[in-house]
Amino acid sequence: MAEAARVMETATVPKAILDELAWRVAQGKVDLPLLPGVAMEVTNVAAQESTDSRAIAELLRKDQAMAAHVLRVVSSPVYSGRTQIVSLQQAVARLGVQKIREISLAIAFRVGVFKLKGFEKEITALFQHSVGAAMFAQEIARSTRRNVEDAFMCGLLHDVGRPVILQALVQILAEQKLHVSPSAVIAATSELHADVGGTLAEAWGLPEAVEMSIRHHHSLTPPDAHVNSVRITALADAMAHFTFEPESTPEAELRKHPALAPLELYPEMLDKLLAKGESIRQAAGALS
Amino acid sequence: MSDYDLIVIGGGPAGQKAAVQGAKAGARVLLIERAKTAGGACVRYGTIPSKTLRETALSLGKFRKLTAHVMDVEMPSHLQLSSLMERKEEVVAAHERYMQAQLERNGIELRQGVARFTSPSSVEIALLDGSHQSYSSRFFVIAAGSSPRTPDNVPVDHEHILDSDSLLSLSYLPESLVVLGAGVIACEYASIFAALGVKVTIVDKGARPLAFMDQELVEYFLKELRGAGGEFLGDRSLESVAFDGLSSVETRLAGGQILRSEKLFCALGRVAPVAGLGLDAAGVKVTARGLVEVDKNLRTSVAHIYAAGDVIGPPALASTSMEQGRRAACHALGLDLGRQGELAPIGIYTIPELGSVGMTEPQVRERYGDVLVGRAKFEEVARGQISAAENGLLKLVVHAETGVVLGAHAAGESATELVHLGQMAVISGLTYETFIDTVFNFPTFAEAYRVAAFDLLKQQRARASAKPAAAE
């Protein structure tokens, strides 16, 4: 039988594929690659000694994959000693920009780039959304006098499970020569991203607030210790959706978001935050 | 008929006490608070959280001393502030529960929202869901608190450059911290962070910190600060502050000096939130400094509207704010004000703490031409030695001829508690001999009063014996 004839098409992701995904996640056999453009930029920027140090720091802040990898590396006992490093800002301040430059370069060479034929648009939108959510999260934190660095990290990484699942599913499907409709792959990614992302964050040793924000940003039912981080992340997520794809999150719905009241965000404060939408959209858009 | 007898705007120490006093007098009281629970900045950002963190910082240092370093507590170099603050959440929650119960017990209605006057007799409340409610009242107490002042050349971003509302949101201890300002809030936080191992630099335009306090006491604070690696830079003029975009905040001072720190804390005073209160609609006057103008009975320019707490300006301490709130409600409802407010103590929770009540040495000299000051160093007090708290001083200020106690000032462990004994002496018109004739528990810090009293006795005897000689 010809090779092509063994390719099967299904409308949903088969359970066997999801089981394989779950196994790979549990075994740590999934990847979080970089966007090709980002990998190239990191290589260029980090390799040049003469580069303005701020360019490195800025690069890390604007890419969830780089941020997650760097945070994972610097959280290891080799770099952080006995206390976990909880933000990129803290990492730069503690380790120095030269060390961060070396780590970034090593990551860019090691982790590879996304190979997601047919999902290029989705993956770009995912990364754009994560930066938008991070920027909204830090503005919410500023307004409510909560930790801005934590909020940024939680916003940036809240959907880190999505690109990982997408990459893994595409890989598994290709290995098993199955064709599943793109919408089914996206649906499966949406369904699983909070749990998978949370599991990865725990395995990678990311800060607990980040892990909780990943796990609970849709359910809003975290343990008490991180409830406000999760609320900020959930609201930032909704605001980023509203900003980048208004049809997905109508303004009236956003104004009834369940995190608003517990965060004591009054309508005029929400107005001020939403007014930053255009500049955030432009900043995040410039990355793609 | 009005909806309420008393509407209180703001649920901080002043507002809460005004509401409770009003309710205890049988008034129908509505308390309007922006946050879900009463307490204000005192509970959320100020008094309660900072003092809780202070206790943690103190305990770490004290454990080393008390165990004579046999059991040392090593501070991890990158200690996370959030772990030190875990107790804060419990303390704040407990305090909020207590206040909520107190409001309920007294039948006070609490409405969450932002209030503004729409007329001299009515307010409109903007609720979280965007809707509005209006209520009228016979009397009002404005107790809207204050928020940190941000000068134009200090770009507070609550991330690298913080104010007192955001400082405790830090999740890790910075390696270094520049503190702008040398008032109560600045010095309290400087003490705490220095005790936790942060390299603290206080910068101020004044020559000395806490200028309104007895400078002999302030020296104890400076000694402790320097001992913890901190420094005070006085007589400095600030030019600019900026985050370098990478890892540190640059503070430029006049004369070209540049300070670099991981974080910066701006504590250059507080401002009253008068802009959003609709005071024009009510006819309430505001001072040139942006504070609500009140008379000695805390009444504003509108007879049935009172103001109390930070919104009327210094001293803006929780203790005085509470008393002001109580007095405002009493005056409004025609109740006896009592004498409580006539002699309010000052408590500053630096490390070591500073306490003060009554007249200072210069004030007594200026009024009576002469003064006697009895001193007791904590190193002379057994409890000071036992508690490893030898860095302290009690000053008993008395009338030079009569020996009547006019003031008590202390630096050191339990100083804010210790001055209450002096406060009672001042209120009761006691002479310092009372402390000689009275038996106190032993060992206690109160023993310092006896030591100071004996110092006074010695001075008076020396004067008495010197007089005949001078006459000859």
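Line by line, the protein sequences give chains V and W.
So in my numbering, spot 53 of the first sequence is number 71, and the numbers just go up one at a time.
So in my numbering, spot 461 of the second sequence is number 472, and the numbers just go up one at a time.
Backbone N, C-alpha and C fix where the C-beta goes; we use that ideal spot for every residue, glycine too.
message = So with CB distances below 8 Å, who are the chain W contacts of Val110(V)?
response = Leu257, Ser258
key: Status (buried if at least 16 other CB within 10 Å, exposed otherwise) for Ile269(W)   = Residue environment analysis places Ile269(W) among the exposed positions, since fewer than 16 neighbouring C-beta atoms fall within 10 angstroms of its C-beta.
message = Cutting at 7 Å between CB atoms, please list the residues of its own chain near Thr261(V), excluding the five before and the five after it.
response = Gly150, Gly295, Ile298, Arg299
key: Presumed contact (8 Å Cβ cut-off) between Thr48(W) and Glu107(W), rounded CB distance   = 4 Å
query = Looking at the C-beta of Val125(W), does it have a partner C-beta in chain V at a distance below 8 Å?
reply = Taking CB atoms only, Val125(W) has a neighbour in chain V less than 8 Å away.
key: the region 249 to 258 of chain V contacting the region 115 to 135 of chain V, beta-carbon criterion three pairs below 8 Å   = no
query = Is Pro276(V) close to chain W, meaning its C-beta is less than 8 Å from at least one C-beta of that chain?
reply = Taking Cβ atoms only, chain W never reaches closer than 8 Å to Pro276(V), which makes this a no.
message = Closer than 8 Å is the cut-off here; do at least three beta carbon pairs connect the region 232 to 252 of chain W with the region 430 to 447 of chain W?
response = no
query = When you check each C-beta in the region 218 to 242 of chain V against every C-beta of chain W, which residues fall closer than 7 Å?
reply = none
message = To the nearest angstrom, how far is the alpha carbon of Val56(V) from that of Ala152(V)?
response = 18 Å
Whole-Å CB distance - Lys296(W) paired with Ser312(W), under 8 Å assumed = 4 Å
message = At the 8 Å Cβ level, is Gly21(W) part of the contact set with chain V, yes or no?
response = no
query = Does the region 177 to 185 of chain W come within contact of the region 31 to 46 of chain W, defined as at least 3 CB pairs closer than 8 Å?
reply = no
key: Runs of beta strand (DSSP E) lying entirely within the region 193 to 273 of chain V, each at least 3 residues, in chain order   = 196 to 198
query = Per the contact definition of three or more C-beta pairs closer than 8 Å, is the region 215 to 225 of chain V in contact with the region 64 to 74 of chain V?
reply = no
inquiry  = Using C-beta distances below 7 Å, list every residue in its chain close to Val282(W), excluding the 5 sequence neighbours before and after it, in chain order.
reply    = Ser157, Ser158, Arg160, Gly301
task = Please check if any C-beta of chain V sits within less than 8 Å of the C-beta of Asp176(W).
result = Yes, because at least one Cβ of chain V sits closer than 8 Å to the Cβ of Asp176(W).
query = Which ranges does the alpha helix (DSSP H) cover as unbroken runs of at least 4 residues, wholly within the region 327 to 394 of chain W, from first to last along the chain?
reply = 329 to 343, 372 to 379
query = What did DSSP end up calling Gly418(W) once you bin it into helix, strand or coil?
reply = strand
query = By Cβ distance below 7 Å, which residues in the same chain neighbour Ser259(W) in space, the five residues on each side in sequence not counted?
reply = Closer than 7 Å at Cβ, skipping near neighbours: Arg271, Ser272, Glu273.
message = With H, G and I counted as helix, E and B as strand and the rest as coil, what does DSSP make of Val282(W)?
response = strand
message = For Lys3(W) and Asn165(V), I'd like the C-alpha separation in whole angstroms.
response = No statement about residue 3(W) is possible, as the shown extent of chain W runs from 12 to 483 and does not include it.
message = Distance cutoff 8 Å, beta carbons only. Does Ser71(V) sit that close to anything in chain W?
response = yes
key: Val178(V) beta carbon less than 8 Å from that of Val48(V)   = no
ask   = Can you name, in chain order, every residue of its own chain whose Cβ lies under 7 Å from the Cβ of Lys28(W), other than the five neighbours on each side?
value = Taken in chain order, the residues that qualify are Met333, Gly336, Arg337.
inquiry  = Looking at the secondary structure, which residues open and close the beta strand (DSSP E) in which Leu264(W) lies?
reply    = 260 to 264
Inter-residue spacing [alpha-carbon to alpha-carbon] between Lys406(W) and Gly414(W) = 14 Å
message = Rounding to the nearest angstrom, what Cα-Cα distance links Lys478(W) and Ala25(W) in this structure?
response = Approximately 51 Å, taken between the alpha carbons.
task = Taking only the alpha-carbon atoms, compute the straight-line gap between Ser199(V) and Glu193(V) and give it to the nearest angstrom.
result = 16 Å
key: Proximity of Ile357(W) and Leu328(W) at Cβ, strictly below 8 Å   = yes
query = What residues from chain W crowd round Asp168(V), counting only those whose CB sits closer than 7 Å?
reply = Ser182
request  = Pick out whichever of Gln471(W), Ser130(W), Gly21(W), Ala38(W) has its Cα sitting closest to the Cα of Gly51(W).
outcome  = Among Gln471(W), Ser130(W), Gly21(W), Ala38(W), the Cα nearest to that of Gly51(W) belongs to Gly21(W).
query = Which chain W residues are close to Ala293(V), counting only those with a beta carbon under 7 Å from its beta carbon?
reply = Per Cβ cutoff of 7 Å: no residues; Ala293(V) is ~16 Å from chain W at best.
message = Can you find the residues in the same chain that come closer than 6 Å, C-beta to C-beta, to Val31(V), ignoring five residues on each side of it along the sequence?
response = Around Val31(V): Val198, Ala202, Ala206.
key: Euclidean distance between Cα positions of Gly324(W) and Ala193(W)   = 17 Å
ask   = Can you find a CB in chain V that lies within less than 8 Å of the CB of Glu261(W)?
value = For Glu261(W), the answer is no, since every Cβ of chain V falls outside 8 Å of its Cβ.
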